[in-house]
Amino acid sequence: MVVRDSPIHGRGVFARQPIPKGTRIIEYAGVRVPVADLARDLVSGRTSGRYVLSWDQTTAIDGEREGNAARFINHGCAPNCEIMYFPDAPYVYAIMTIQGDDELLLDYQLGASDGSRPSAEDASWFPCHCGSPKCRGTMLGS
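So for the sequence shown, numbering that gives the first Met the number 0 puts the first residue at 0; every next one is plus one.
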């Protein structure tokens, strides 16, 4: 895989060659941070909060700190990858065969940590630009 400019947003991750369905592609790496500390870290400038992946109810993985290329995988409403969680780490897996030069995409399914449903106003804060015919217009979960 290679990281380069994406037509969806900023930088993206692209396959250099076909990736078969079911392939473990990359670990989502970064510093494990207590969720309770994320707001403070954002205010203090330790993180932008842009590359945070939930690990469990109390811990997140901040890919901005000690992360790898996985942090650049963009959101898409018709994803070709998913995150699978193992006891030691989360990994990105291909959920279909990905052709060489295709962008790797995850459905972020963003949402509130308390499980509440996002409002239409919330959706406007997290727009999606994936261009898929299935596009929800937002990175929030349905």
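Note that the Cβ used here is the ideal one computed from N, Cα and C, for glycine as well. Note that this is a predicted model, so its numbers are computed, not measured.
Between the beta-carbon of isoleucine 7 and that of glutamate 102 there is about 7 Å, and that keeps the pair under the 8 Å contact cut. In chain order, Thr96 place their CB closer than 6 Å to the CB of proline 19, counting only its own chain and leaving out the 5 sequence neighbours on each side.
The beta-carbon distance between isoleucine 25 and asparagine 67, rounded to whole angstroms, is 7 Å. This is short enough to meet the 8 Å contact definition. Using a 10 angstroms sphere on the CB of glycine 62, the tally of other CB atoms reaches 16 or more, which defines it as buried.
Three or more beta-carbon pairs drawn from the region 67 to 82 and the region 126 to 140 are found closer than 8 Å, and the two stretches are therefore classed as touching. Take the alpha-carbon of glutamine 16 and the one of serine 47: they are about 32 Å apart. In the structure shown, aspartate 100 adopts coil according to DSSP, grouped into three states. In the three-state reduction of the DSSP assignment, arginine 70 falls in the helix class.
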